[in-house]
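Going by the working numbering, 160 is the number at position 151 of the sequence shown; the sequence numbering is gapless. Below is one structure, written out as structure tokens; comments come after it.
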Amino acid sequence: MAESTVRSVCVFCGSRSGVRAEFREAASRMGAALAKRGLTLVYGGASVGLMGAVADAVIANGGKTVGVLPHFMDAKELAHPRLTELHRVDSMHARKALMAERADAFIALPGGFGTLDELFEIVTWAQLGLHRKPMGLLDVDGFFQPLLALVNRMVEAGFVPETQGMPFAVNPSPDALLDRLLAGPTMPLTSKWLKDGQQT
């Protein structure tokens, strides 16, 4: 079996912890799993919410962390004080671009609008052929099931090709999810630009 090329994983997740303890516990387990495998965490750089929980767990287990935070958040004092690297950028666009550049794979944990924005920008780039990096969802207690149902609905309605209809690996276990991402890309290399009715 070929050695995985994944050395760093970008984690998208909430700047809040959510109302259930399971969310924060899962974030901590993910951080610990990354560190124990020697995988560098790339994330949004904050010390709060699930973002902080993931980073804290990586650090506690001796792992490396790369945070990316926009300058306009400086006044909110959100930056994690103990990261291996902290990069400050001029915009949210630059933040997402640098995180994508530094990561070899992507995982989304529960979160809000920002998490979905980050996740679907990466999915869109993969659909357009701009990257072949694996993407995963840590499906904590079925959190992402409604989202997966929406993706299936988009396929059924003809807005997403069937071959690209499930671009993520999905698993509630951090270790099982990482095993899948380390195995290679999760979205087939097919063209988005098809005529109506044309199959890949």
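Where a beta carbon is used, it is the ideal one built from N, C-alpha and C, also for glycine.
Item                                                                                                                                                : Value
Keeping to the same chain, check which residues put their C-beta closer than 7 Å to that of M10; ignore five residues upstream and five downstream. : Confidence is the limiting factor: at M10 the pLDDT is only 48, short of 50, which leaves the residue's position unreliable, though a coordinate-based value still follows. Within the same chain, M10 has no close Cβ partners at all.
Quick one: what does DSSP say F168 is sitting in, helix, strand or coil?                                                                            : coil
If we ignore side chains and look at the alpha-carbon of each, how far apart do L87 and F153 end up?                                                : 26 Å
What separation, rounded to the nearest whole angstrom, lies between the Cα atoms of A36 and P181?                                                  : 11 Å
Please go through the region 87–121 and give each complete beta strand (DSSP E) segment of 3 or more residues, from N-terminal end onward.          : 94–98 and 114–117
Note the first and the last residue of the continuous alpha helix (DSSP H) segment covering L78.                                                    : Element bounds for L78: not the alpha helix (DSSP H) but the beta strand (DSSP E), T74 to P79.
Is the beta carbon of V179 closer than 8 Å to that of L157?                                                                                         : yes
According to DSSP, is M60 helix, strand or coil?                                                                                                    : helix
Taking the alpha carbon of Q173 as the reference point, which residue from E165, P197, M163 and M108 has its own alpha carbon closest?              : P197
Using the beta-carbon count (16 or more within 10 Å), is V265 buried or exposed?                                                                    : In the structure displayed, the chain extends from 10 to 209; residue 265 sits before or after that span and is not available.
Following the continuous beta strand (DSSP E) through A178, name the residue where it begins and the one where it ends.                             : A178 to N180
Bridge partners of F21, per DSSP?                                                                                                                   : A117
Do A135 and P176 have their C-beta atoms within less than 8 Å of each other?                                                                        : yes
Does the beta-carbon of Q208 have 16 or more other beta-carbons within 10 angstroms, so that it is buried, or is it exposed?                        : Residue placement at Q208 is poorly supported in this model, since its pLDDT is 40, which falls under 50; the coordinates still yield a value, given next. With fewer than 16 Cβ atoms within 10 Å of its Cβ, Q208 is classed as exposed.
Along the chain, where does the beta strand (DSSP E) containing G145 start, and where does it finish?                                               : M144 to L147
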